[in-house]
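Residue numbers (my numbering): 1255 to 1546.
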């Protein structure tokens, strides 16, 4: 986790560096992050798991990749880049209206390492967040590791990229017509893609009809997953399937084992065939229910 420290100091990144590489300053302890003029790119997870409370992004920044503040609790970001802006707790890419990162208050914001253990049980306040209507795209991991109580996806969100809610504690409410959220499954209707599993079941049965499982859909389900049952409609499974969730078994339809093993070679030794029951719920029924 964070380094042991007595006194934190600012991180000042020189403008002589054009790109801040992925994970460059992860798991470090700073009072704040100051990026000097001249830096052009910020890599993914560049400041992940840092405990800085604020950051400065200069006017020279042209590109920010996957949430550079993942698993941190930064709540004060100043952005002078014309390509990005901060508004209503969101760091947003101007040209695409993509939410790069949540940079607002959460349960851990402003607390030191010794106060974190009590923050989750603090009933004196709730952290509920409605994604602003000017955001059209939720970026990869944009809420990753944030301690919120509730997040509302408004009807104005058009696209959700790779699981925005990995290790995020919030209850998620979906109002976007392009997606459905049923029984913990966040699904893109048009492509029948499972974006994220947001439930709490230890034995997860993916709905029949799902064709693609997006990267990180089951990542960091820290309550512990015993099994995931996959339908034979699956044709693609993207990266980070079942990472750090304690997965013990993968069950598939009889006759599907070889196909699923090709999609998940890393998990080949825990894949088993089982006979499916009639209680299985298909994604088409979820979609039909959402239209009614």
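Beta carbons are placed, not taken as given, at the ideal position from N, Cα and C, and that holds for glycine. These numbers were taken from a predicted model, which means no experiment stands behind them.
Per-residue DSSP class, three states only, for residue i
| i | result |
| --- | --- |
| residue 1521 | helix |
| residue 1512 | helix |
| residue 1304 | coil |
| residue 1320 | coil |
| residue 1550 | Any answer about residue 1550 is impossible in this case: the structure gives the chain only from 1255 up to 1546. |
| residue 1446 | coil |
| residue 1459 | strand |
| residue 1277 | coil |
| residue 1367 | Summary for residue 1367: the model assigns pLDDT 46, below 50, so the residue's position carries little reliability; its value from the coordinates is reported in the next sentence. Coil at residue 1367, not helix or strand. |
| residue 1548 | Nothing can be reported for residue 1548, as the shown portion of the chain is limited to 1255 through 1546. |
| residue 1263 | coil |
| residue 1505 | strand |
| residue 1481 | strand |
| residue 1352 | strand |
| residue 1310 | strand |
| residue 1271 | coil |
| residue 1454 | coil |
| residue 1490 | strand |
| residue 1330 | strand |
| residue 1526 | strand |
| residue 1337 | coil |
| residue 1294 | coil |
Best match in the options for proximity to residue i [C-alpha to C-alpha]
| i | options | result |
| --- | --- | --- |
| residue 1265 | 1306, 1276, 1351, 1292 | 1306 |
| residue 1431 | 1409, 1311, 1354 | 1409 |
| residue 1338 | 1412, 1477, 1316 | 1316 |
| residue 1417 | 1429, 1293, 1442 | 1442 |
| residue 1439 | 1407, 1459, 1494 | 1459 |
| residue 1508 | 1494, 1500, 1485, 1520 | 1485 |
| residue 1284 | 1384, 1527, 1304 | 1304 |
| residue 1242 | 1515, 1510, 1514, 1505 | With the chain covering 1255 to 1546 only, the question about residue 1242 has no answer from this structure. |
| residue 1355 | 1395, 1333, 1411, 1489 | 1395 |
| residue 1521 | 1452, 1512, 1487 | 1512 |
| residue 1422 | 1428, 1357, 1325 | 1325 |
| residue 1413 | 1399, 1401, 1429 | 1429 |
| residue 1400 | 1391, 1381, 1437, 1500 | 1381 |
| residue 1529 | 1510, 1515, 1330 | 1510 |
| residue 1327 | 1333, 1270, 1397, 1334 | 1397 |
| residue 1487 | 1498, 1493, 1462, 1470 | 1462 |
| residue 1483 | 1282, 1514, 1281 | 1514 |
Cβ neighbours of residue i in the same chain (closer than 6 Å, five flanking residues each side left out)
| i | result |
| --- | --- |
| residue 1274 | 1296, 1297, 1300 |
| residue 1268 | 1290 |
| residue 1489 | 1465 |
| residue 1406 | 1384, 1427 |
| residue 1278 | 1300 |
| residue 1498 | 1474 |
| residue 1281 | 1303 |
Whether residue i touches residue j by CB criterion (9 Å)
| i | j | result |
| --- | --- | --- |
| residue 1454 | residue 1424 | no |
| residue 1465 | residue 1496 | no |
| residue 1420 | residue 1450 | yes |
| residue 1320 | residue 1293 | no |
| residue 1288 | residue 1310 | yes |
| residue 1352 | residue 1393 | yes |
| residue 1402 | residue 1433 | no |
| residue 1390 | residue 1350 | yes |
| residue 1346 | residue 1388 | yes |
| residue 1435 | residue 1426 | yes |
| residue 1470 | residue 1494 | yes |
Contacts around residue i, its chain only, beta-carbon distance under 7 Å, and the 5 residues preceding and following it disregarded
| i | result |
| --- | --- |
| residue 1386 | 1341, 1342, 1344 |
| residue 1491 | 1467, 1517, 1518 |
| residue 1502 | 1480, 1481, 1524 |
| residue 1500 | 1478, 1479 |
| residue 1358 | 1329, 1343, 1383 |
| residue 1270 | 1292 |
| residue 1411 | 1385, 1389, 1390, 1392, 1430 |
Close-in-space but distant-in-sequence residues of the same chain around residue i (CB under 8 Å, 5 per side omitted)
| i | result |
| --- | --- |
| residue 1336 | 1313, 1348 |
| residue 1447 | 1441, 1464, 1465, 1466, 1467, 1468 |
| residue 1369 | Annotation note: pLDDT 48 at residue 1369 (below 50); position unreliable, coordinate value reported separately. Cβ within range, chain order: n/a, list empty. |
| residue 1477 | 1454, 1456 |
| residue 1276 | 1297, 1298, 1299, 1300, 1319 |
| residue 1263 | 1284, 1285 |
Proximity test, residue i beta-carbon vs the ligand ADP heavy atom, cut-off 8 Å
| i | result |
| --- | --- |
| residue 1347 | Although the ligand ADP was asked about, the structure shown includes no ligands whatsoever. |
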